Structures are given as structure tokens and as C-alpha cells.
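Enquirer: Residue numbers (numbering that gives the first Met the number 0): 0 to 71. Positions of the beta carbon are idealized from the N, C-alpha and C atoms, including for glycine. Since the model is a prediction, treat every value here as computed from it, not as a measurement.
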Amino acid sequence: MDCSICGDSIETTWFGWSDGNNAEPVVEGGRCCDTCDMTVVIPARLARYVPAVRQYKPSKETYPEFRDYKGF
Ligand SMILES: [Zn+2]
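1. Just the Cα atoms here: how many angstroms apart are Thr34 and Gly6?
2. By the DSSP assignment, the alpha helix (DSSP H) with Ala43 in it spans what residues?
3. Given Ser8, which residues of its chain have a CB within under 6 Å of its CB, disregarding the five upstream and five downstream residues?
4. Report yes if the CB atom of Val40 is closer than 9 Å to the CB atom of Asn21, and no otherwise.
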């Protein structure tokens, strides 16, 4: 089975699951790989149900508490 988002093939897990993850709401009825689940689908769900996430743009300027954080 191929990922509905990136098109890569979805790997079978060690416990034999080969259908990947639910890709909704990004792809209606779609299935996606673990990478897309973590980087695309979960953020999309959060943005959909938690309006504050939509505005969340961490930066050194707007969030002084992250001043020493080098990950951006
Ligand atoms: Zn994918």
C-alpha cells in the first residue's frame, strides 16, 4: 500500500500491520506512512480542532522564553 500523501510505500510494522495510519482530514479515506502522520496529519488535526495552533508561529521575537532555543 502506498501513502496517500507522499506516495511512498507504507512499511509493514513488526506486528504485521501494513495499512499505515488514518490520513484524514488531509486525505479523505486515505492512509499514510508514519512520517506523514507525524509531520502532516497530526498538525492538521490540531490546527483543525485547536484554533490557537493555527496562529502558533514560534519565533525568538514573539516568544522570548525560546530565546536560547536553537531549534528554529
Ligand atoms: Zn507519507
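Expert: In short, the structure shows the following:
1. The count along the sequence shown starts at 1 and reaches residue 34 at position 35. The count along the sequence shown starts at 1 and reaches residue 6 at position 7. Distance between the alpha carbons of Thr34 and Gly6 is about 12 Å.
2. As a first step, residue 43 is located in the sequence shown; it is residue number 44 there, counting from the start. Per DSSP, Ala43 belongs to the alpha helix (DSSP H) from Ile41 to Tyr48.
3. Within the sequence shown, the letter at position 9 stands for residue 8. If the five residues before and after Ser8 are omitted, its C-beta is found closer than 6 Å to the C-beta atoms of Asp1, all from its own chain and listed in chain order.
4. Taking the first residue of the sequence shown as 1, we reach residue 40 at position 41. Taking the first residue of the sequence shown as 1, we reach residue 21 at position 22. By the CB criterion at 9 Å, Val40 and Asn21 fall inside the cutoff.
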